[in-house]
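Following this note's numbering, the numbering of the sequence shown begins with 6 at its first residue and continues without gaps. The beta carbon of each residue, even a glycine, is placed where N, CA and C say it ideally should be. Read through the structure below, which is laid out as C-alpha cells, and then see the notes.
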Amino acid sequence: MKMTLSKLAAGVLLCCAGQAIAGPNTFIDLGTLGGGYSTASGINAAGQVAGQSYLSGNMYARAALWNGGAGIDLGTTGGTGHSNSYAINTAGQVAGVSFSAEQSQAVLWTGGVATGLGAAGGVTSRASALNDAGHVVGTIETADGASHAALWANGTTTILSAAYSAASGINNAGQVVGSAYTADGLRAMSWTDGVATDLGGRNSDATAINDAGQIVGSSFTDSGFVHATQWQGGVMVDLDTQNSTQSFASGLNNMSQVVGNFYGNFSGVLDFHAALWSGGTMFDLNSFLDAATVKAGWTLGDARGINDSGWVVGSAFNSYTHDQHAFMLSTSGGPVPVDPVPPGPVLPVPEPESYAMLLAGLALTGCVARRRGSV
Numbered sequence: 006m007k008m009t010l011s012k013l014a015a016g017v018l019l020c021c022a023g024q025a026i027a028g029p030n031t032f033i034d035l036g037t038l039g040g041g042y043s044t045a046s047g048i049n050a051a052g053q054v055a056g057q058s059y060l061s062g063n064m065y066a067r068a069a070l071w072n073g074g075a076g077i078d079l080g081t082t083g084g085t086g087h088s089n090s091y092a093i094n095t096a097g098q099v100a101g102v103s104f105s106a107e108q109s110q111a112v113l114w115t116g117g118v119a120t121g122l123g124a125a126g127g128v129t130s131r132a133s134a135l136n137d138a139g140h141v142v143g144t145i146e147t148a149d150g151a152s153h154a155a156l157w158a159n160g161t162t163t164i165l166s167a168a169y170s171a172a173s174g175i176n177n178a179g180q181v182v183g184s185a186y187t188a189d190g191l192r193a194m195s196w197t198d199g200v201a202t203d204l205g206g207r208n209s210d211a212t213a214i215n216d217a218g219q220i221v222g223s224s225f226t227d228s229g230f231v232h233a234t235q236w237q238g239g240v241m242v243d244l245d246t247q248n249s250t251q252s253f254a255s256g257l258n259n260m261s262q263v264v265g266n267f268y269g270n271f272s273g274v275l276d277f278h279a280a281l282w283s284g285g286t287m288f289d290l291n292s293f294l295d296a297a298t299v300k301a302g303w304t305l306g307d308a309r310g311i312n313d314s315g316w317v318v319g320s321a322f323n324s325y326t327h328d329q330h331a332f333m334l335s336t337s338g339g340p341v342p343v344d345p346v347p348p349g350p351v352l353p354v355p356e357p358e359s360y361a362m363l364l365a366g367l368a369l370t371g372c373v374a375r376r377r378g379s380v
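See below:
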C-alpha cells in the first residue's frame, strides 16, 4: 500500500493525486506491507522510520523500514515468523526482535541484513533501542522466567541488573534507562558505566533518554493515575498538565521535545490520543492535522518517536476503514494547545504481575498500538 500525505495550506490548498495538500504541517500515512495494520516506533535524522506491519493476509507481522517510499520487510533471523523493530539510528541500523516457534531473539538489522544478538545464556531476548555506535539495549529472559536489562556492545553482552528488569533506551554517551524491581516496587532506573541509579517515582518506568541526559517515562501519582514523567538532574517532573487518568511518554529528541499519548474524553469518546510536550506545554497532536486529514477519518492514537527536526512517528486509526497505520507528522507549522480534557474513567491500577509480563518482553504481535505497549 503506497504512502499518502496531507498538508495544511497557508491560504491555498494544492492537491496532488487526490492525497497531498501543501503547507507547513505534513501528515504522511506510511501504509502497510499489504496487511491492515502497521505502526512506527522510531525515526532518525534522515527521516527513515522503523516499525512493524502485517503482510498481505494478516498472518505475519514483520519488522518494517520506511525510507522515502514504500515500506520494506526486514524479515526475520530465519523462517516465516514474526518480527518487530523499535528503534533506528543515524546510520540506518535498526533494533528489534525476531520470533520463531521456539523463542524470540534480539536483532540488529544493518543494511537490511538481520543479525541475531543472542541471549547470553538466557532463553529469549529482545532489543528495544540503540545508539549511533550500534550499541543495543533490551532484555534477556532466563530459564526461570526472569527478565534482565541487557546491553549488547562491541560483541559483548552485559547483564545490567540481577533483579527483574528491562532496558528501554540508550543515548550516545552510553547511558541506559529502563526499570527494575526494588524493595520499593517497580522503579525507573538509569545505568551509567554499569552503575545503577534509582530515579524514584511510584511504579515508575523510564523509556527514553536523550544526549543531554534528559529521561522520560511514566510514574503513578498520589491519586493513583499514571502520568508521563521526566527526570533530569535528579528532579522528577509530572508532564501531564491535563491531569489525565493515564498518559505515557515514549520518546524524546535532543531539543527536549517529548512524545507519547494520553487518555481522555474526546467529543464523548473515551480514547487515547497522541501527545507532544514542547516548551513546557502539552499538546494533542491531532490539533496539528488539517481538515482534509481529519475528514478522511484519521485519528492519531500514539506517538513513539521524534527526531531533532520535529518529525513525529506513531500509529493512526482510520474510522472508515478500521485500519491502523504507521504515520509521520511534521510539527513545524506550530502547535495549537489542546483544551482541557475531562478525565476518563479511573482504570484499575495494574498489579505487579502485569508489569512483570511487560518486563519479560512478551510481545503481543498485532496488539493495537493506539494504547501504550509495544508489539
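Proximity to T120 across V102, L156, L35, A106 peaks at V102, based on C-alpha coordinates.
Counting along the chain, the unbroken alpha helix (DSSP H) around T298 starts and ends at 296-300.
Taken in chain order, the segment 159-247 contains no complete alpha helix (DSSP H) segment of 4 residues or longer. Note that the C-beta distance between G302 and N270 is not below 9 Å. Distances from the CA of H327 to each of G40, T31, G183, N30 were compared; the closest alpha carbon is that of G40. Within the model, the alpha-carbon separation for G239 versus Y186 is close to 19 Å. The C-beta separation of S261 from H232 comes to about 18 Å, leaving the pair out of contact by the 8 Å criterion. Taking the Cα positions, D227 is about 46 Å away from S61. Linking S90 to A296 through their CA atoms gives a straight-line distance of about 32 Å. When the Cα atoms are used, L70 and L79 turn out to be separated by approximately 7 Å. Taking C-beta atoms as the reference points, T250 and Y268 count as a pair closer than 9 Å. The DSSP-derived three-state label of S255 is strand. Around the beta carbon of D198, fewer than 16 other beta carbons lie within 10 angstroms, which makes this residue exposed. For V142, the enclosing beta strand (DSSP E) starts and ends at 141-146. In the displayed model, N89 falls within a strand according to three-state DSSP. Under the 10 Å beta carbon count, Q98 is surrounded by 16 or more other beta carbons and is classified as buried. Between G256 and T85, the alpha-carbon positions lie close to 30 Å from each other. Going by C-alpha positions, L281 is about 8 Å away from A308. G285 is positioned such that its CB atom lies no closer than 9 Å to that of I220.
The shortest CA-to-CA distance from G143 to any of D149, N159, L165 is the one to L165. T129 counts as buried, since no fewer than 16 other beta carbons sit within 10 angstroms of its beta carbon. The beta carbon of N159 sits closer than 8 Å to those of H140, all from its chain and outside the five residues before and after it, given in chain order. In the DSSP assignment, G319 forms a beta bridge with A308, F332. L70 carries a strand assignment under DSSP once its states are collapsed to helix, strand and coil. Using a 10 angstroms sphere on the CB of G310, the tally of other CB atoms reaches 16 or more, which defines it as buried. DSSP, read as helix, strand or coil, puts N63 in coil.
Excluding the 5 residues flanking it on each side, A45 has same chain C-beta neighbours closer than 8 Å at L35, V54, A55, G56, W71, R309, G310, V318, G319, S320, A331, F332, M333, in chain order. For S43, the secondary structure class from DSSP, reduced to helix, strand or coil, is strand.
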